[in-house]
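Asker: One structure, as structure tokens, below. Some questions next.
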Amino acid sequence: MTDLAAAPIFTSSRLRWDRWRTAALGQFPLIVTIAAYLFLFVPLLVLMAYSFNASRSTVVWSGFTFDWYVQVFEDRRLRGALANSAIIALVSAALSTTIGTVTALAIVRRNFPGRDALSTVLMAPLVLPEIVIAVAFLVFMVFVNVKLGFFTLIAGHILVSLPFTILIVRAAASALDRRLEEAAADLGADEVQTFVRVTMPLLMPAVFTAFLMAATLSFDNFVMSTFATGVGTTTLPLHIYSLLKLGITPKINAMGTLLVLVNVLLVIIVLGRQLRLVLRR
Amino acid sequence: MKPRHANIRTVLTASAFGIALAALALPTAASAEALHIYAWADELPDEIVQDFQKETGIEVTVDTFDSNESLIAKLEAGASGYDLVNPSQYAVQILAKKGLVTELDHSKIANIGNISEVFQKVSYDPGNKHSMPYIWGTTGLAYNSDCIKEPVKSWKAFWDEKYKGRIYMLDNMLAAYIAALQVNGYSANSSNPDEIAKATESLIKQKPLLAGYNSTNFADLVASGEACLVESWSGSVINVMKENPHVQYVVPDEGGTMWVDGYSITKNAPNAEAAYKFLNYLLQPDVAAKVTTLTSIASVVEKSKALLPPEVANNTAIFPPEDKLAKADFILDTGDATKHYQDGWTKVKAAQ
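The listed protein sequences correspond, in order, to chains A and B.
First residue of the first sequence? That's 1 in my numbering, and the numbers climb one at a time after it.
First residue of the second sequence? That's 282 in my numbering, and the numbers climb one at a time after it.
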């Protein structure tokens with residue numbers, strides 16, 4: 001108590017300041033979170049707003065219209081580019097997830113010479129600039145005389161997304177409780193049954209995440225696509241970029257809004273399913 | 282646990298579905314005659330392509346690129362699979378020099394005589410040996426008359442303190458040097474290191490006055506009044522001029538430049554015959570007029586002008602007065618001097 005008297009720094013105003021500071025610090029994470037959300041979503045909202053703009057400007061508001069949406073559906077090239085992107089995203093994600101899952105299981109479960117080296121090498125594309133991989137990929141494809149097109153795009157996108165799918169499934173596989181599989185074996189399940197009935201269902205959430213990740217990476221990939229694209233395979237990002245010469249119109253905003261809408265619907269469906277699962281338990 | 286099984290099935294079905302879709306989308310062999318075109322977006326309207334398909338039964342695929350450099354890179358890598366490509370004038374020179382495009386057989390293009398004389402003699406490809414000119418335009422300046430009351434006629438306005446912070450230059454090395462070279466009285470195609478150095482100095486001196494370099498939405502900016510004065514490609518401002526009468530497009534007194542986007546047939550094109558048919562089709566006056574109406578870009582086919590609606594034919598942003606055009610330069614391949622431009626441009630971009 002004598003200590004307090006000997007420490008005149010702790011005046012009441014200083015105390016108030018301290019309390020205020022603690023409170024402010026307590027609010028800090030909240031403020032940062034809100035700022036981050038604004039940073040992420042304000043551009044999206046602006047994009048969506050201008051998709052209804054009556055003039056062809058993406059900067060000046062001049063009235064409300066649905067015309068750009070009509071134009072999106074009338075534009076054969078835009079539709080074609082969207083279809084290309086969707087097909088390539090689905091196929092490359094499916095293949096990348098399949099390869100990634102098998103590889104991840106091999107790395108986690110099997111013992112073979114060079115396993116550690118392999119698992120490191122498989123992560124290399126994560127640190128290599130994508131453009132380096134893309135140039136090498138193009139040179140190789142031209143060297144082995146493969147025609148550029150869907151095949152090269154899908155192969156290229158698998159190359160880009162594979163490290164991610166392996167990483168995701170691998171994390172889930174190492175966290176898997178081995179005793180569950182042993183229990184299945186005890187109860188008379190053979191290896192295939194154990195894999196199909198126990199291992200895969202347990203890994204499914206991770207595999208699904210990996211699939212979505214790979215599909216997203218593929219859908220907005222630009223660098224690899226630039227190099228790997230061929231006749232008739234212009235993807236959506238490539239098409240949008242090529243429109244820059246004569247200027248972007250709200251048609252692109254409308255397209256973007258539709259894509260956001262589809263994504264939101266997907267999220268709602270996925271969340272809805274999970275909610276149902278939780279409720280049923 | 283049952284729903285989880287459904288999950289596996291969903292993913293498997295989705296993948297199978299995706300693969301089936303891909304199989305469908307893969308080129309379904311050469312049943313009909315095909316034609317693969319690599320073109321600037323928005324310069325070849327889809328309607329024209331569909332008309333041509335209907336008339337000839339040739340299956341046309343159009344892919345779009347974003348710059349001449351992308352086009353050159355794609356062809357250089359080989360295995361592109363394109364028959365027709367759409368280079369601008371200096372890219373024609375480069376492609377021809379590298380042997381990536383063939384010499385055109387004029388006997389297969391019956392309508393070649395429809396190209397107006399100016400474009401038959403173009404300096405980058407005299408006699409249209411490697412490329413058939415298609416459409417053309419100019420690089421000049423656009424200003425907002427709400428913000429600048431007196432008519433702007435010269436590149437000098439881009440160095441005028443009055444408009445500080447309201448000027449944009451095109452974010453493109455060759456385009457920026459057009460203004461910088463011509464304002465000093467040089468040709469926009471200079472390959473003289475001293476002239477290029479002088480132009481570089483002008484660009485560095487100009488930089489504090491600029492709101493920025495912009496090649497994407499400068500037309501929007503000048504229409505909204507956020508920018509008073511922008512360096513501009515004619516094709517980019519025409520559409521905003523329709524909506525905002527305050528936007529003026531001018532080919533400056535120093536000359537400005539002209540660009541021509543043409544079509545070339547690639548070396549060893551798999552469908553060269555179809556390519557010739559398409560070139561011939563584009564040169565029909567009625568088709569050329571339709572192109573100009575749809576894109577607001579001038580065609581090289583002289584006779585098409587008579588078929589245009591008057592508001593298009595009399596638009597000076599599409600068809601600048603002839604005396605202005607006489608002084609316009611073509612941007613050509615500057616060969617070894619390119620290095621001086623690149624070094625200078627790096628300095629400009631790094632300057633404060």
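For each residue, glycine too, the CB sits at the ideal point set by N, CA and C.
This structure is a prediction, so every number in the text was calculated from the model and none was measured.
Tell me whether HIS317/B sits in a helix, a strand or coil according to DSSP, three-state version.
Answerer: Reading the second sequence from its first residue, position 36 is the one you call residue 317/B. In this structure, HIS317/B counts as strand in the three-state DSSP scheme.
Asker: Among GLY493/B, LYS445/B, LYS479/B, which has the Cα closest to the Cα of ILE459/B?
Answerer: The residue given as residue 459/B occupies position 178 in the second sequence. When only C-alpha atoms are compared, the closest one is LYS479/B.
Asker: Taking Cβ positions only, does THR209/A come closer than 8 Å to chain B?
Answerer: By one-based count along the first sequence, residue 209/A stands at place 209. Chain B, which has no Cβ nearer than 8 Å to the Cβ of THR209/A, makes this no.
Asker: Tell me, please, whether the CB atom of LYS245/A is closer than 8 Å to any CB atom in chain B?
Answerer: Your numbering for residue 245/A matches position 245 in the first sequence. LYS245/A counts as touching chain B.
Asker: Rounded to whole angstroms, what is the Cα-Cα separation between GLU336/B and MET450/B?
Answerer: Along the second sequence, read from residue 1 onward, the residue named residue 336/B stands at position 55. Along the second sequence, read from residue 1 onward, the residue named residue 450/B stands at position 169. Cα to Cα, the separation comes out at about 43 Å.
Asker: Can you tell me whether MET450/B is helix, strand or coil according to DSSP?
Answerer: Position 169 of the second sequence holds residue 450/B. Correct three-state label for MET450/B: strand.
Asker: Per DSSP, what are the beta-bridge partners of ALA423/B in this structure?
Answerer: Taking the second sequence and counting its residues from 1, one reaches residue 423/B at position 142. In the DSSP output, where bridge partners are listed per residue, ALA423/B has VAL511/B, TYR530/B.
Asker: I'd like to know whether the C-beta of LEU226/B is nearer than 8 Å to at least one C-beta of chain A.
Answerer: Examination of residue 226/B is not possible in this model, given that chain B is present from 282 through 633 alone.
Asker: Between the C-alpha atoms of ILE353/B and ALA372/B, what's the straight-line distance to the nearest angstrom?
Answerer: One-based indexing of the second sequence puts residue 353/B at position 72. One-based indexing of the second sequence puts residue 372/B at position 91. Using only the alpha carbons, I get a separation of about 7 Å.
Asker: Suppose contacts are defined by Cβ-Cβ distances below 8 Å. Is SER96/A in contact with SER161/A by that definition?
Answerer: Here the question's residue 96/A lines up with position 96 in the first sequence. Here the question's residue 161/A lines up with position 161 in the first sequence. It is a contact, given that the beta carbons lie within the stated cut-off.
Asker: I want to see whether chain B comes within less than 8 Å of SER286/A, judged by CB atoms only; does it?
Answerer: Past the edges of chain A, shown from 1 to 281, lies residue 286/A, and the structure says nothing about it.
Asker: Using the beta-carbon of each residue, which ones in chain B are nearer than 8 Å to ARG179/A?
Answerer: Position 179 of the first sequence, counting from 1, holds the residue named residue 179/A. Correct list: empty, because the minimum Cβ distance to chain B is about 17 Å.
Asker: Of all Cβ atoms in chain A, is any one closer than 8 Å to the Cβ of PRO308/B?
Answerer: For the purposes of this step, residue 308/B is taken as the residue at position 27 of the second sequence. With a pLDDT of 47 at PRO308/B, under the threshold of 50, the modelled position of this residue cannot be trusted; read the value that follows with caution. So, interface residue.
Asker: Quick check on ARG109/A - is its C-beta less than 8 Å from some C-beta in chain B?
Answerer: For the purposes of this step, residue 109/A is identified with residue 109 of the first sequence, where counting begins at 1. For ARG109/A, the answer is no, since every Cβ of chain B falls outside 8 Å of its Cβ.
Asker: With 16 as the cutoff for other CB atoms within 10 Å, does GLY625/B come out buried or exposed?
Answerer: Taking the first residue of the second sequence as position 1, residue 625/B is located at position 344. Under this definition GLY625/B is a buried residue.
Asker: By how many angstroms is the C-alpha of GLY446/B removed from the C-alpha of ALA492/B?
Answerer: Locating residue 492/B in the second sequence gives position 211, counting from the first residue. Locating residue 446/B in the second sequence gives position 165, counting from the first residue. Answer to the nearest angstrom: the Cα atoms are 5 Å apart.
Asker: Output the distance between the C-alpha atoms of TYR544/B and MET204/A, rounded to the nearest integer angstrom.
Answerer: As a position in the second sequence, residue 544/B is number 263, starting the count at 1. As a position in the first sequence, residue 204/A is number 204, starting the count at 1. So the two alpha carbons sit approximately 52 Å from each other.
Asker: For the stretch 349 to 368 of chain B, which residues have a beta carbon sitting closer than 8 Å to at least one beta carbon of chain A?
Answerer: Hits within the stretch, in order: SER351, ALA358, GLY359, ALA360, SER361, GLY362, TYR363.
Asker: For GLY232/A, is the classification buried or exposed, using 16 other Cβ atoms within 10 angstroms of its Cβ as the cut-off for buried?
Answerer: Sequence index remark: in the first sequence, residue 232/A carries index 232 (1-based). Buried: at least 16 other Cβ atoms inside 10 Å.
Asker: Could you give the distance in angstroms between the alpha-carbon of VAL146/A and the alpha-carbon of ASP534/B?
Answerer: On the first sequence, residue 146/A is found 146 positions in, with the first residue counted as 1. On the second sequence, residue 534/B is found 253 positions in, with the first residue counted as 1. VAL146/A and ASP534/B: Cα-Cα distance of roughly 52 Å.
Asker: Near MET282/B, what residues of its chain come up, given a Cβ to Cβ distance below 8 Å and the 5 sequence neighbours on each side ignored?
Answerer: Mapped onto the second sequence, residue 282/B falls at position 1. Here MET282/B scores only 38 on pLDDT, less than 50, and its place in the model is too uncertain to base an answer on.
Asker: Contact check, ALA313/A vs PHE64/A under 8 Å by CB: the rounded distance?
Answerer: Any property of residue 313/A remains undetermined from this structure, which presents chain A solely from 1 to 281.
Asker: Please identify, using Cβ separations under 8 Å, the residues of the stretch 610 to 627 of chain B that lie next to chain A, in order along the chain.
Answerer: Here the close residues number zero.
Asker: If you measure beta-carbon to beta-carbon, which residues of the stretch 51 to 81 of chain A are closer than 7 Å to chain B?
Answerer: Answer in chain order: SER55, ARG56, SER57, THR58, VAL59, VAL60, ARG76, ARG77.
Asker: Identify whether ILE416/B lies in helix, strand or coil by the three-state DSSP scheme.
Answerer: The residue labelled residue 416/B in the question sits at position 135 within the second sequence. Residue state, collapsed to three classes: strand.
Asker: Could you work out which residue in VAL207/A, PHE137/A, PHE39/A is closest to ILE166/A when comparing CA atoms only?
Answerer: For the purposes of this step, residue 166/A is identified with residue 166 of the first sequence, where counting begins at 1. ILE166/A has its Cα closest to that of VAL207/A, out of VAL207/A, PHE137/A, PHE39/A.
Asker: Evaluate contact between the stretch 336 to 345 of chain B and the stretch 247 to 264 of chain A, counting only Cβ atoms and requiring at least three cross-stretch pairs below 8 Å.
Answerer: With a cut-off of 8 Å, the stretch 247 to 264 of chain A and the stretch 336 to 345 of chain B do not count as touching, because too few Cβ pairs lie within range.
Asker: Taking DSSP's pairing of strands, which residues face MET539/B in a bridge?
Answerer: By one-based count along the second sequence, residue 539/B stands at place 258. MET539/B is bridged to THR419/B, PHE611/B.
Asker: Write down every uninterrupted run of the beta strand (DSSP E) in the stretch 317 to 386 of chain B whose length is 3 residues or greater and which is fully enclosed by it, in chain order.
Answerer: Fully enclosed beta strand (DSSP E) runs of 3 or longer: 340 to 346.
Asker: Run through DSSP, which three-state label would LEU128/A get?
Answerer: Numbered from its first residue, the first sequence carries residue 128/A at position 128. LEU128/A: coil per DSSP, three-state reduction.
Asker: Can you list, in chain order, the residues of its chain with a C-beta nearer than 8 Å to that of THR574/B? Leave out the 5 residues immediately preceding and following it.
Answerer: In the second sequence, the residue the question calls residue 574/B occupies position 293. These residues qualify, in order along the chain: LEU589, PRO590, VAL593.
Asker: In angstroms, rounded to a whole number, what distance separates the CA positions of ASN552/B and ILE546/B?
Answerer: Counting from one through the second sequence, the residue named residue 552/B turns up at place 271. Counting from one through the second sequence, the residue named residue 546/B turns up at place 265. Going by the C-alpha atoms only, they are around 9 Å apart.
Asker: What residue does the alpha helix (DSSP H) around VAL594/B start on, and which one ends it?
Answerer: Numbered from its first residue, the second sequence carries residue 594/B at position 313. The sequence given here has Ala at residue 594/B, not Val. Unbroken alpha helix (DSSP H) run through ALA594/B: 591 to 594.
Asker: Taking the beta carbon of SER577/B as the centre, do at least 16 other beta carbons fall within 10 Å, making it buried, or is it exposed?
Answerer: To locate residue 577/B, count along the second sequence from 1; it is residue 296. SER577/B is buried by the Cβ-count criterion.
Asker: I want to verify the contact list: residues of chain A whose CB lies under 7 Å from the CB of SER517/B, in sequence order.
Answerer: One-based indexing of the second sequence puts residue 517/B at position 236. By Cβ distance, chain A contributes LEU246, GLY247.
Asker: Taking the alpha carbon of ALA210/A as the point to measure from, which residue in VAL278/A, ARG197/A, ALA173/A has its own alpha carbon closest?
Answerer: If you number the first sequence from 1, residue 210/A lands on position 210. Of VAL278/A, ARG197/A, ALA173/A, the residue nearest in Cα terms is ALA173/A.
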